[in-house]
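Here is the structure we will look at, set down as structure tokens.
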Amino acid sequence: MPASTANRHHKNGGAQQIVITIKAMHIEFHAARNEANIRDRKLSFERAAEFDFDTAVIGQDTRKDYPETRFVAVGFLDERLHVLCFTPVAGGIRVISFRKANRREIQSHDPTRTADR
Numbered sequence: 009m010p011a012s013t014a015n016r017h018h019k020n021g022g023a024q025q026i027v028i029t030i031k032a033m034h035i036e037f038h039a040a041r042n043e044a045n046i047r048d049r050k051l052s053f054e055r056a057a058e059f060d061f062d063t064a065v066i067g068q069d070t071r072k073d074y075p076e077t078r079f080v081a082v083g084f085l086d087e088r089l090h091v092l093c094f095t096p097v098a099g100g101i102r103v104i105s106f107r108k109a110n111r112r113e114i115q116s117h118d119p120t121r122t123a124d125r
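Numbering of the sequence shown is given in the numbering used here, commencing with residue 9 and proceeding in unit increments.
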């Protein structure tokens with residue numbers, strides 16, 4: 009991790025959360041969910057700090073009545089289209105899920121592109 013990264017562990021209702029601040033972007037997530045994402049998708053929630061929010065398409069997730077306001081962002085990480093589900097927190101985001109975009113999402117994002125930029 010970069011030297012500017014502060015890594016802190018918090019207890020939240022019995023579940024461990026990891027809070028990371030990289031430059032101006034504050035990223036937090038549940039440690040167990042991150043470990044599962046790394047195992048299943050080979051993608052750490054910490055990488056959300058590198059997600060290209062400037063060019064991402066972001067919309068509110070209204071599929072269910074969630075206890076918090078959730079957003080889904082479709083944008084690039086490492087020249088590959090990804091989907092990031094998050095909720096805003098003070099100074100940043102809490103990652104809910106993070107994965108590579110599937111073919112349908114890639115086509116919806118830009119029918120003229122492939123998964124890579």
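Even for Gly, the Cβ is constructed at its ideal location relative to N, Cα and C.
Beta strand (DSSP E) segments (min. 3 residues) lying fully within the region 56-95: 65-68 and 79-85
When G100, I114 and H117 are compared against I35, the one with the closest alpha-carbon: Walking along the sequence shown from the start, residue 35 turns up at place 27. Looking at the Cα atoms, G100 is the closest of the given residues.
Rounded Cβ spacing between V65 and E113 (contact assumed at less than 8 Å): One-based indexing of the sequence shown puts residue 65 at position 57. One-based indexing of the sequence shown puts residue 113 at position 105. Actually they are not in contact, since the Cβ atoms of V65 and E113 sit about 10 Å apart, beyond 8 Å.
Where E58 falls, given that 16 or more other Cβ within 10 Å makes a residue buried: Numbered from its first residue, the sequence shown carries residue 58 at position 50. Answer is exposed; the Cβ neighbour count stays below 16.
Alpha-carbon spacing of D73 relative to E87, whole angstroms: Within the sequence shown, numbered from 1, the residue matching residue 73 stands at position 65. Within the sequence shown, numbered from 1, the residue matching residue 87 stands at position 79. Spanning the two alpha carbons is a distance of roughly 33 Å.
Nonlocal neighbours in the same chain, by C-beta distance under 7 Å from T63, ignoring five residues either side: Taking the sequence shown and counting its residues from 1, one reaches residue 63 at position 55. Excluding residues within five positions, the ones whose Cβ falls inside 7 Å are G83 and F84.
In DSSP terms, what F53 is bridged to: By 1-based counting over the sequence shown, the position of residue 53 is 45. The partner list for F53 (beta bridge, DSSP) is empty, contrary to what the question assumes.
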